[in-house]
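All the letters of the sequence shown, read from the start, carry residue numbers 1 to 439 under the UniProt record's numbering.
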Amino acid sequence: MDADWNSSLEMEDEYEKFIKRMNPPRVDIDNESCKNATVIRKVDSANKHGILLEVVQLLTDLNLIITKAYISSDGGWFMDVFNVTDLDGNKLLDEGVLDYICKSLAAESYFMPTFRRTAEGGPATDFTSIELTGTDRPGLLSEISAVLTSLKCNVVNAEVWTHNMRAAAVMHVTDDTSGLGITDPERLSKIQELLCNVLKGNNKTREAKTMVSLRATHPERRLHQMMFDDRDYQRYDNDTTYEKHRPNVTVVNLYDKDYSVVTIRCKDRPKLLFDTVCTLTDMQFVVFHGHVDAEGPEAYQEYYIRHIDGFPVSSEAEKQRVIQYLEAAIERRVSEDLKLELCTKDRVGLLSDVTRIFRENSLSVTRAEVTTRGGKAINTFYVRDAAGNPVDAKTIDDIRQAIGQTILQVKGNSDCSKSPPQEPPTRFLFGSLFKSRSG
1 MDADWNSSLE
11 MEDEYEKFIK
21 RMNPPRVDID
31 NESCKNATVI
41 RKVDSANKHG
51 ILLEVVQLLT
61 DLNLIITKAY
71 ISSDGGWFMD
81 VFNVTDLDGN
91 KLLDEGVLDY
101 ICKSLAAESY
111 FMPTFRRTAE
121 GGPATDFTSI
131 ELTGTDRPGL
141 LSEISAVLTS
151 LKCNVVNAEV
161 WTHNMRAAAV
171 MHVTDDTSGL
181 GITDPERLSK
191 IQELLCNVLK
201 GNNKTREAKT
211 MVSLRATHPE
221 RRLHQMMFDD
231 RDYQRYDNDT
241 TYEKHRPNVT
251 VVNLYDKDYS
261 VVTIRCKDRP
271 KLLFDTVCTL
281 TDMQFVVFHG
291 HVDAEGPEAY
301 QEYYIRHIDG
311 FPVSSEAEKQ
321 RVIQYLEAAI
331 ERRVSEDLKL
341 ELCTKDRVGL
351 LSDVTRIFRE
361 NSLSVTRAEV
371 TTRGGKAINT
381 FYVRDAAGNP
391 VDAKTIDDIR
401 QAIGQTILQV
411 KGNSDCSKSP
421 PQEPPTRFLF
431 GSLFKSRSG
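The following block contains the structure:
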């Protein structure tokens with residue numbers, strides 16, 4: 001019977017591919033009809049589960065800003081329209097980018113690999129993926145980075161999120177000698193064991209998890225899934241930042257239409273649409289109709305949803321869970337902490353050295369994005385002091401002089417970003433260290 005079932009599934013999959021070839025999605029990219037955005041329209045022959053996330057994920061991975069969106073399905077057909085700009089608010093004029101979007105959203109997307117941010121743009125086998133979850137604490141990223149460096153691992157890409165006293169990370173590492181992914185089972189087991197010990201720390205009440213693999217995953221979607229599984233949506237009585245940043249999320253049922261309507265109002269930011277659509281998809285909801293407006297400082301999102309079994313939200317308790325899960329998804333990426341950007345030549349141990357300097361100056365990293373492109377490290381850190389307060393200007397000045405004024409830049413804070421007229425050579429310790437190791 002299992003063989004018959006598998007055969008049936010394979011026939012259904014081949015039939016779906018055949019239908020796609022006969023009725024490929026229609027994609028139109030329009031730079032004329034809207035004054036300040038490029039309009040991308042896609043009409044698909046099926047409203048399958050996850051189809052909206054595929055489109056949003058593609059646009060988000062290309063660092064595009066979605067200012068407006070309309071989603072609608074009529075029977076089995078699915079149509080979405082997105083107004084998008086680049087990070088500077090301009091229309092998309094690069095023919096290579098436009099062609100990539102068109103091909104990816106059309107029939108070729110079913111045979112092309114999904115866009116991934118990989119080390120130097122290489123295949124997933126060029127690195128080992130490490131997933132970590134545990135209790136957040138000051139200096140945690142520094143400790144993790146130090147362990148990886150001691151184990152002869154180089155971090156080429158990483159995403160680190162913290163929320164509600166929990167921390168999660170997806171890190172791509174290579175062997176520091178070969179520059180390739182690590183495959184030796186004994187070595188992988190050792191990496192996993194030592195990182196798990198770091199994550200546990202002195203906390204015996206919440207579990208820490210580590211996983212290593214050569215499988216490529218979408219880092220930001222995995223972070224949402226990992227933090228959800230870690231129950232970061234649970235609140236604590238002493239969480240004073242919750243009410244301050246709490247988004248406005250409501251869920252109501254339209255019983256005559258058998259839809260649940262989710263509305264979200266909150267401060268706009270990049271990737272907000274991805275965060276909400278990702279969460280709805282992983283909660284097994286299908287978006288049938290939707291409207292998104294993010295042209296002002298506040299974003300508005302409205303979704304008409306049903307479970308994949310065709311039913312709307314079934315109870316008041318489930319409504320509250322949907323609200324709670326969406327609030328957490330939105331908050332994970334929100335940060336009013338100081339933003340630091342580091343750009344320099346990549347080398348083994350770079351992340352460990354930078355985060356050690358942060359820790360020695362009593363800074364806590366609340367979010368981080370580490371990327372490597374063309375031999376350069378381009379890293380972004382959001383930091384606060386170890387007590388959870390804003391960082392004072394003198395501390396930042398000391399750190400920048402240790403790392404290098406031109407290497408570490410402060411973003412979004414004019415007081416901290418002011419540089420002294422001259423860098424004393426004796427204080428430029430990290431620059432000397434960097435030169436000696438990279439030479």
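In this text, a Cβ means the ideal position worked out from N, Cα and C, and glycines have one as well.
Asked	Found
Drop a sphere of 10 angstroms on the beta-carbon of residue 366, count the other beta-carbons inside from all chains shown, and report buried for 16 or more, exposed for fewer.	buried
Considering only residues of the same chain and omitting the five flanking positions on each side of residue 89, which have a CB-CB separation below 8 Å?	36, 65
Are there 16 or more other CB atoms within 10 angstroms of the CB of residue 80, so buried, or fewer, so exposed?	buried
Within the continuous beta strand (DSSP E) that includes residue 382, where are the two ends?	376 to 385
The alpha helix (DSSP H) with residue 279 in it runs from where to where?	272 to 282
Tell me which residues share the same chain as residue 109 and place their Cβ nearer than 6 Å to its Cβ, disregarding the 5 neighbours each side in the sequence.	Low confidence applies here, because residue 109 scores a pLDDT of 45, under 50, leaving its location unreliable; read the following figure in that light. Once the five neighbours on either side are set aside, residue 109 has no close Cβ partner at all.
Check this for me: beta carbons of residue 440 and residue 168, under 7 Å apart or not?	For residue 440 there is no data in the structure shown, the boundaries of the chain being 1 and 439.
Just list the residues that DSSP pairs residue 135 with in beta bridges.	166
Spatial neighbours of residue 133 within its chain, please: CB distance less than 6 Å, with the 5 preceding and 5 following residues excluded, ordered by chain position.	168, 209, 226, 230
Do you know how far the Cα of residue 272 is from the Cα of residue 104?	22 Å
Note down, in chain order, each residue of its chain lying with its Cβ closer than 7 Å to the Cβ of residue 232, except the 5 sequence neighbours on either side.	163, 164, 166, 328
Do you know how far the Cα of residue 191 is from the Cα of residue 71?	44 Å
On a Cα-Cα basis, can you pick out the residue from 29, 147, 198, 255 that is closest to residue 351?	147
In this structure, how does DSSP classify residue 307 when only helix, strand and coil are distinguished?	strand
Between residue 253 and residue 312, is the Cβ-Cβ spacing less than 7 Å?	yes
Which residues does DSSP list as the beta-bridge partners of residue 290?	71, 303
Below 8 Å, how does it come out for the region 355 to 364 and the region 137 to 154: are there three or more Cβ pairs, yes or no?	yes
Within 10 Å of its beta-carbon, does residue 364 have 16 or more other beta-carbons around it, so buried, or fewer, so exposed?	buried
Could you work out which residue in 126, 30, 74 is closest to residue 85 when comparing CA atoms only?	30
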